[in-house]
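At position 99 of the sequence shown (counting the first as 1) the number is 99 in UniProt numbering, and the numbers step up by one without a gap.
Glycine residues also receive a C-beta, built at the ideal position from the N, C-alpha and C atoms.
All values reported here derive from a predicted model rather than from experimental measurement.
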Amino acid sequence: MTEPHISTQNAWVEFPIFDAKSRSLKKAFLGKAGGGINRNESNVVVIEALRDITMSLKMGDRVGLVGHNGAGKSTLLRLLSGIYEPTRGSATVRGRVAPVFDLGVGMDPEISGFENIIIRGLFLGQTRKQMLAKVDEIAEFTELGEYLSMPLRTYSTGMRVRLAMGVVTSIDPEILLLDEGIGAVDAEFLKKARTRLQALVERSGILVFASHSNEFLARLCQTAMWVDHGTIRMTGGIEDVVRAYEGEDAARHVREVLEENERERQA
């Protein structure tokens with residue numbers, strides 16, 4: 001069986017803006033995509049969302065993406081998932097990809113929680129048979145009880161996150177691309193979810209995780225990439241990358257989490 005692999009070589013992702021006079025449109029798009037504004041070879045104004053991205057990830061790699069909002073982290077995940085094709089350079093992804101960019105994607109507010117478990121699982125590349133086998137375990141994890149028989153529109157935000165987390169953390173991906181979306185749940189459940197996330201990462205062949213939580217990154221990843229204005233500014237150990245990006249205090253917290261991880265492994 002071929003092992004999962006990700007490789008990009010001088011990859012660019014550009015979005016044309018045909019109405020160059022629409023400054024507000026350009027600013028709005030730039031804020032979401034990262035990168036800069038330029039003109040391509042056809043003299044069309046483009047947003048350079050990603051520029052000259054070169055990376056190679058193999059089985060067992062767990063990489064965290066850091067960077068400010070609009071730096072290009074989400075665009076990079078979408079390039080690796082195949083949602084975006086490079087406009088220059090190349091991107092090769094070998095393996096079954098589970099893109100988790102929005103915990104609510106693939107869920108229908110008009111059908112029950114039980115039905116949404118199946119639908120969301122199908123969206124993540126699972127079969128109906130696989131999801132039916134996991135329903136009871138997911139239901140137990142979410143602690144939603146009778147609400148699982150009710151339409152999703154009756155759920156609070158925290159309940160929706162619980163349901164989505166239950167489904168996402170039940171799959172067995174070869175390549176897991178994870179964009180943060182956790183937070184609207186209580187602390188006790190978040191601790192429970194963190195344990196399942198760690199188990200999910202251990203089952204995955206490759207993980208690429210974009211997050212603003214240095215603690216989550218330190219718990220789930222081995223290395224980090226600093227994405228800045230559509231480019232990879234730095235790659236290295238999580239502590240070193242966070243120090244360059246946020247300073248010594250943030251790096252110290254990462255070191256404490258890494259030391260705690262090591263103590264837990266040795267216990």
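Query: So, using beta-carbon positions, are residue 112 and residue 152 closer together than 9 angstroms?; Result: yes
Query: Where do the ends of the alpha helix (DSSP H) carrying residue 241 lie?; Result: 238 to 246
Query: Ordered along the chain, which non-local residues of its own chain (more than five positions away) have a Cβ less than 7 angstroms from that of residue 255?; Result: 239
Query: Looking at residue 144: is its Cβ nearer than 9 angstroms to the Cβ of residue 163?; Result: yes
Query: Indicate the three-state DSSP secondary structure (helix, strand or coil) for residue 124 in the structure shown.; Result: coil
Query: Is residue 222 helix, strand or coil by DSSP?; Result: coil
Query: Any idea if residue 8 is buried or exposed, counting beta-carbon neighbours within 10 angstroms, 16 or more meaning buried?; Result: buried
Query: Who pairs with residue 234 in a beta bridge, going by DSSP?; Result: 226
Query: Taking the Cβ atom as the reference point for each residue, do residue 77 and residue 6 lie within a distance shorter than 9 angstroms?; Result: no
Query: If you reduce the DSSP assignment to three classes, tell me which class residue 116 lands in.; Result: helix
Query: Looking at C-alpha atoms only, which residue of 215, 260, 16 and 79 is the closest neighbour of residue 52?; Result: 79
Query: With 16 other CB atoms within 10 Å as the buried threshold, where does residue 270 fall?; Result: Nothing about residue 270 can be read from this structure; the chain reaches only from 1 to 267.
Query: Fully enclosed by the segment 123 to 196, which alpha helix (DSSP H) runs are 4 residues long or longer?; Result: 128 to 142 and 157 to 168
Query: Taking contact to mean at least 3 C-beta pairs separated by less than 8 angstroms, is the segment 85 to 96 in contact with the segment 129 to 149?; Result: no
Query: Are the CB atoms of residue 206 and residue 61 nearer to each other than 9 angstroms?; Result: yes
Query: What residue range is occupied by the uninterrupted beta strand (DSSP E) comprising residue 2?; Result: Unbroken run through residue 2: none, as it is neither H nor E.
Query: How would you label residue 178, buried or exposed, when you count the other beta carbons within 10 angstroms and need 16 or more for buried?; Result: buried
Query: Does the distance from the CB of residue 98 to the CB of residue 230 come in under 9 angstroms?; Result: no
Query: Does the segment 61 to 75 come close enough to the segment 211 to 226 to have 3 or more Cβ pairs within less than 8 angstroms?; Result: yes
Query: Could you say which of 168, 193 and 242 lies nearest to residue 104 if we only look at CA atoms?; Result: 168
Query: Can you tell me whether residue 213 is helix, strand or coil according to DSSP?; Result: coil
Query: To the nearest angstrom, report how far apart residue 251 and residue 117 are at their CA atoms.; Result: 38 angstroms
Query: Identify the continuous beta strand (DSSP E) that holds residue 88 and give its terminal residues.; Result: 88 to 94
Query: Less than 9 angstroms between the beta carbons of residue 120 and residue 4, yes or no?; Result: no
Query: When we look at the beta-carbon of residue 75 and count the other beta-carbons within 10 Å, is it buried (16 or more) or exposed?; Result: buried
Query: Roughly how many angstroms separate the alpha carbons of residue 192 and residue 102, rounded to a whole number?; Result: 20 angstroms
Query: In the structure shown, what three-state DSSP assignment does residue 105 receive?; Result: coil
Query: Does the Cβ-Cβ distance between residue 224 and residue 201 come in under 9 angstroms?; Result: no
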